[in-house]
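Since the structure comes first, as structure tokens, the remarks are kept for the end.
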Amino acid sequence: MVKKRNTPSRQSTNRTSSREESGAATLKDMLSDEVLGKLKAQAKEIKAANQQRQEEARRLAEEKKKAEQKKLDNNFEYLLENSNLDWHKYK
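Mapping the sequence shown onto UniProt numbering, position 5 (from 1) lands on 5, and the numbers just tick up by one.
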């Protein structure tokens, strides 16, 4: 005769059902629709601002990389060091 133990999944369902029965309200239930709408709008604005900032940082990094490559392309020493010195291929 083995007793069944309460698994974590069974315990969590028991906790949620006891909350519903006791009438405990969540924060979402307590806030008015107007305040909840403002919070959601503010969250969207913050996400859009973060996305815009990341896009700007990516664009600046890309411009910096292009400027550096342009500078290196004008540097004869860099081009000489990085060029293929096997001239027999091009005959």
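Ideal Cβ positions, reconstructed from N, Cα and C, are used throughout, including at glycine. Since we're looking at a predicted model, the values are computed, not measured.
query                                                                                                                              : result
How many Å lie between E55 and K38 at the Cα?                                                                                      : 26 Å
Check this for me: beta carbons of L85 and Y78, under 7 Å apart or not?                                                            : no
So what's D73 in DSSP terms, helix, strand or just coil?                                                                           : helix
Round the Cβ separation of L36 and K28 to the nearest angstrom and send it over; I've been treating them as touching at under 8 Å. : 7 Å
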